[in-house]
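All residue numbers for the sequence shown refer to the working numbering, where the first residue is 10 and numbers rise by one.
Below is one structure, written out as structure tokens; the observations come after it.
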Amino acid sequence: MSVDSGICHGLINIIYPLARRVVIPFHFGQLTVTGQENVPKTGPIILAPTHRSRWDALMVPYAVGKPVTGRDLRYMVSANEIYGLQGWLIRRLGGFPVNTGRGGISSIRHTVELLSNGEALVMFPEGNIFRNGEVNPLKPGMARIALQVESSHPGIGLNIVPISLNYSQPIPTWGCDVTVTVGSPISVADYSTKSVKKGAAQLTHDLHTAMTNLDKSYPQNCSKKKLL
């Protein structure tokens, strides 16, 4: 079965401003973000956040979406998050499903196509929501896809941007504080000189390390910027 995705800008122009100015500020307490300058303004990028809550789908564009970086975001999400009203919204906000257990050739092809066209793509490398407050083992598929894009388009300049999403409660409820920390981009080209297997393993390891370091900085982060 083929996979496709699109962006309904009419819906985005309603949903994101409503979420940014009303829903998120009303539901959450202190909202802080650092490192937005680390998101490249042009060229293909994979935004790689930790996955702590279904709120992440709104918190990522709140922190690094078009109002902040000028870039539309596309989303690869697990197939079990694409049903019902949530699934209807995700598809129209640029999302498409992937079966994290078995993968999916059509989803991978669509991902490669988006990145080859210079899109900004959100992929949750842990593959599912985890509420244990740790960066869990990353799925190897992201690194393999990234290396495939870089090898088929030499010099394209694909970057992976690690992001830490932290909520003050395991299951965010009203008044919960949120901190989003955006790390320095990782150049995929630096890993393309090795075999695909070794390059993907090293890239996955380094991304996990970067995400873990961002997570560790959460309680001590004193240079937070409150979003208005």
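The beta-carbon is built from N, C-alpha and C at its ideal position, and this holds for glycine as well.
- Per DSSP, the unbroken beta strand (DSSP E) holding G104 starts and ends at G104 to V107.
- With a 10 Å radius around the Cβ and a threshold of 16 neighbouring Cβ atoms, G208 comes out buried.
- Comparing alpha carbon positions, the residue from P49, T43, K50 and S62 closest to P179 is S62.
- A distance of 9 Å or more separates the beta carbons of V73 and V197.
- Closest option to P26, judged by alpha-carbon separation, among L67, H119 and Q45: L67.
- The Cβ atoms of F133 and S87 sit closer than 9 Å to each other.
- Boundaries of the alpha helix (DSSP H) around T120: I114 to S125.
- Rounded to whole angstroms, the Cβ separation of K50 and G96 is 30 Å, and the two are not in contact under 8 Å.
- In its chain, beyond the 5 residues on either side, P49, G52, P53, I54, I55, P194, I195, S196 and V197 have a beta carbon closer than 8 Å to the beta carbon of N168.
- Nearest in C-alpha terms to P34, of all of C185, S173 and H217, is C185.
- Within a 10 Å sphere around the beta-carbon of N175 sit 16 or more other beta-carbons, which makes this residue buried.
- P34: member of the alpha helix (DSSP H) spanning I33 to H36, first to last residue.
- With contacts defined by Cβ atoms closer than 9 Å, L212 and A155 form a contacting pair.
- In the displayed model, S196 falls within a strand according to three-state DSSP.
- Put simply, of N47, T43, Q45 and R29 the residue whose alpha carbon is nearest the alpha carbon of W64 is R29.
- Annotation for A72: no beta strand (DSSP E) segment contains it, though the alpha helix (DSSP H) segment containing it runs D65 to V73.
- Short of 6 Å from the beta carbon of P76, and not among the five residues preceding or following it, lies no beta carbon of its own chain.
- Taking C-alpha positions only, E122 is separated from Y84 by approximately 13 Å.
- Its chain contains L102 as the residues whose beta carbon lies nearer than 7 Å to that of I21, once the 5 sequence neighbours on both sides are disregarded; these appear in chain order.
- By the criterion of a C-beta distance shorter than 6 Å, G104 is surrounded in its chain by Y84 and V86, once the five residues flanking it on both sides are discounted.
- If the five residues before and after V131 are omitted, its C-beta is found closer than 6 Å to the C-beta atoms of L56, V69, L82 and Y84, all from its own chain and listed in chain order.
- Bridge partners of R83 according to DSSP: L130.
- DSSP places S161 inside the alpha helix (DSSP H), whose first and last residues are G150 to S161.
- In the assembly as shown, S204 is an exposed residue. Its beta-carbon has fewer than 16 other beta-carbons within 10 Å.
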